[in-house]
């Protein structure tokens with residue numbers, strides 16, 4: 001189980017809680033039912049009943065909603081260490097769909113698994129609540145972005161957020177990160193058209209802030225980009241664990 | 001404590017969990033530090049460190065974000081039974097502000113209070129996670145609304161959501177609900193101008209769907225409004241508690 005003790009899920013939760021050996025072992029027990037899913041498959045769909053959640057251990061996923069008229073709104077992307085559909089386990093009916101963006105590896109987590117974890121180590125209940133709060137804070141940022149940021153600031157903020165999330169699990173830095181997202185996915189996340197995404201990315205590159213090319217996001221001037229986007233990563237990481 | 005055992009917080013959580021007497025007593029213990037706050041006051045502000053959360057037992061509140069350029073995006077409104085700033089307790093730095101819309105009554109909840117609850121009754125940890133998931137599902141709906149619904153559908157969906165939330169705590173029905181929200185607050189929640197809100201409300205009234213007047217929202221044709229907005233209340237309530 002040692003690979004999971006230092007896997008992205010533990011690594012991410014460690015930002016909130018200093019994990020004891022017993023707590024790490026309990027977390028590792030959530031990785032018993034593992035599945036590999038190829039890129040482009042629905043992991044679960046909006047409207048499904050009694051859905052399980054998943055912990056993503058490798059690859060990228062995308063959560064989205066289909067509206068009445070068939071239009072899609074991307075809610076967020078998930079990277080290693082994130083839950084897929086944690087909300088769906090608790091809401092009885094899943095309010096969203098999740099699709100694999102790349103080939104992914106997941107571990108299935110049932111409501112009974114979560115309750116078992118909470119009974120054994122109540123501190124982990126707080127850690128899971130932290131993870132859910134962090135997910136919500138990201139959706140709030142996306143709402144504020146679509147509601148109040150212009151397209152260029154919105155894209156800049158979004159790329160910085162992804163970079164900070166990936167850094168936390170060792171997959172990114174202030175230099176940049178590998179990014180499998182197409183312009184269509186970015187467009188559906190940011191409320192733009194693919195043509196508009198292309199124009200916005202060109203503007204950010206011409207201003208020497210960030211360059212997106214061949215599946216890599218290169219932060220060319222991290223400080224200036226952060227200032228431009230008004231990005232404060234406090235909702236994603238902490239100066240040290242709140243629960244020692 | 002009996003008034004809290006049947007207060008809006010217990011009543012709301014009862015949608016998810018069949019509360020035992022012991023669990024009801026633990027919930028009631030969260031109402032020890034009570035405060036009254038006048039209308040129009042900041043309960044806490046974005047950027048505050050080590051913020052407490054609150055359970056709202058009377059009145060309406062509003063959570064919002066201030067963007068870099070000073071613009072405001074309303075994230076959601078809170079009604080009795082809701083948490084204020086649950087996220088802020090866990091994120092170390094509060095990512096949003098909360099203001100009282102009316103005079104309100106709240107009970108302060110610290111991270112240590114939550115941990116105490118989780119230790120005593122792990123099932124309540126799942127119930128709090130459910131409440132957080134429901135809050136997140138609402139923000140997701142608001143994101144989908146601003147991203148993909150037109151202004152009239154967006155308003156219709158929003159009013160139906162508020163009605164369903166208030167019904168769960170005995171403050172609304174399919175006939176309608178008392179609503180203290182101004183057109184300015186509605187505008188900042190829905191990404192519209194106050195003038196646009198006025199036009200949208202007139203359109204909904206002229207179509208015989210919903211009438212907003214003198215602080216009351218009257219659903220004039222609940223079924224047709226629900227169909228028009230594509231509203232499915234599954235994310236707000238459940239056919240019965242998931243945890244018996």
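Chains as they are written, first to last, in UniProt numbering: chain A, 1 to 244; chain B, 1 to 244.
Beta carbons are placed, not taken as given, at the ideal position from N, Cα and C, and that holds for glycine.
Since this is a predicted model, take the numbers as computed values, not measurements.
Which of the three DSSP states, helix, strand or coil, is assigned to residue i?
i              : result
residue 14(B)  : coil
residue 112(B) : helix
residue 218(B) : strand
residue 225(A) : helix
residue 163(A) : helix
residue 231(B) : coil
residue 202(B) : helix
residue 243(A) : strand
residue 183(B) : helix
residue 147(A) : helix
residue 101(B) : coil
residue 20(A)  : coil
residue 120(A) : helix
residue 236(B) : coil
residue 134(A) : helix
residue 79(B)  : coil
residue 39(B)  : coil
residue 52(B)  : coil
residue 154(B) : helix
residue 72(A)  : strand
residue 63(A)  : strand
Comparing C-alpha positions only, which one of the options sits nearest to residue i?
i              : options                           : result
residue 111(A) : 200(B), 44(B), 129(B) and 73(B)   : 129(B)
residue 203(B) : 82(B), 153(B) and 172(B)          : 153(B)
residue 57(A)  : 18(A), 77(A) and 31(A)            : 31(A)
residue 37(B)  : 192(B), 156(B) and 84(B)          : 84(B)
residue 47(A)  : 65(A), 214(A), 60(A) and 39(A)    : 65(A)
residue 177(A) : 60(A), 45(A) and 51(A)            : 60(A)
residue 16(B)  : 63(B), 125(B) and 88(B)           : 125(B)
residue 234(B) : 143(A), 226(A), 220(A) and 93(A)  : 93(A)
residue 262(A) : 106(A), 206(A), 82(A) and 148(A)  : The first residue shown for chain A is 1 and the last is 244, placing residue 262(A) beyond what the model contains.
residue 228(B) : 210(B), 214(B), 88(B) and 244(B)  : 210(B)
residue 173(A) : 45(A), 217(A) and 206(A)          : 217(A)
residue 280(A) : 156(A), 13(A), 91(A) and 21(A)    : There is no way to answer for residue 280(A), as the model of chain A reaches only from 1 to 244.
residue 35(A)  : 213(A), 109(A), 200(A) and 149(A) : 109(A)
residue 88(A)  : 171(A), 224(A) and 55(A)          : 55(A)
Strictly below 8 Å CB to CB, what residues from chain B border residue i?
i              : result
residue 136(A) : 87, 132, 135, 136 and 139
residue 144(A) : 65, 67, 73 and 75
I want to verify the contact list: residues of chain A whose CB lies under 7 Å from the CB of residue i, in sequence order.
i             : result
residue 93(B) : 234
residue 84(B) : Ordered by position in chain A, no residue passes the 7 Å Cβ test against residue 84(B), which lies about 13 Å from the chain.
Give the residues of chain B in contact with residue i, contact being defined as C-beta atoms less than 7 Å apart.
i              : result
residue 148(A) : 67, 71 and 73
Below 8 Å on C-beta distance, what does residue i contact in chain A?
i              : result
residue 168(B) : Result: empty, since nearest Cβ-Cβ is about 14 Å, beyond 8 Å.
residue 159(B) : The premise fails here: residue 159(B) is roughly 16 Å from chain A at the closest Cβ pair, so nothing lies under 8 Å.
residue 181(B) : Chain A residues near residue 181(B): none, gap ~17 Å exceeds 8 Å.
Name, please, each residue of chain B whose Cβ falls closer than 9 Å to the Cβ of residue i.
i              : result
residue 162(A) : Within chain B, no residue comes near residue 162(A); the closest Cβ sits about 17 Å away, beyond 9 Å.
Could you name the residues of chain A that residue i contacts, counting a contact when the two beta carbons are closer than 9 Å?
i             : result
residue 56(B) : Ordered by position in chain A, no residue passes the 9 Å Cβ test against residue 56(B), which lies about 17 Å from the chain.
Query raised in the report: What residues in the segment 110 to 128 of chain B bring their beta carbon closer than 8 Å to a beta carbon of chain A?
Result: Against chain A - using a Cβ distance shorter than 8 Å - the residues of the segment 110 to 128 of chain B are 111, 114, 115, 118, 119, 122, 123, 125, 126 and 128.
Query raised in the report: Of all the residues that make up the segment 183 to 212 of chain B, which are near chain A by a beta-carbon distance shorter than 8 Å?
Result: Residues of the segment 183 to 212 of chain B with a Cβ closer than 8 Å to any Cβ of chain A, in chain order: 191.
Query raised in the report: Counting Cβ pairs closer than 8 Å, one from the segment 65 to 76 of chain A and one from the segment 19 to 31 of chain A, do we hit at least three?
Result: Between the segment 65 to 76 of chain A and the segment 19 to 31 of chain A there are fewer than three C-beta pairs closer than 8 Å, too few to call the two in contact.
Query raised in the report: Hey, is the segment 135 to 145 of chain A in contact with the segment 135 to 154 of chain B, meaning 3+ C-beta pairs nearer than 8 Å?
Result: Short answer: they touch.
Requested in this report: Say whether the segment 96 to 111 of chain A touches the segment 93 to 106 of chain B, bearing in mind that this needs 3 or more beta-carbon pairs closer than 8 Å, one atom from each stretch.
Outcome: Judged by Cβ distances under 8 Å, the segment 96 to 111 of chain A makes no contact with the segment 93 to 106 of chain B, as fewer than three pairs qualify.
Query raised in the report: Using 8 Å as the Cβ pair cut-off and three pairs as the minimum, do the segment 114 to 123 of chain B and the segment 154 to 172 of chain B touch?
Result: Flag = no, the segment 114 to 123 of chain B and the segment 154 to 172 of chain B do not touch.
Query - Proximal residues, the segment 225 to 241 of chain B versus chain A, C-beta separation under 7 Å - result: Taking 7 Å as the upper bound on Cβ-Cβ separation, chain A lies near residues 230, 234, 235 and 238 of the segment 225 to 241 of chain B.
Requested in this report: Check each residue of the segment 24 to 49 of chain A: if its Cβ is closer than 7 Å to any Cβ of chain B, include it; give the result in chain order.
Outcome: Within the segment 24 to 49 of chain A, no residue qualifies.
Requested in this report: Examine the Cβ distances between the segment 228 to 242 of chain B and the segment 182 to 194 of chain B and report whether three or more of them are shorter than 8 Å.
Outcome: They do not touch, by the three-pair rule.
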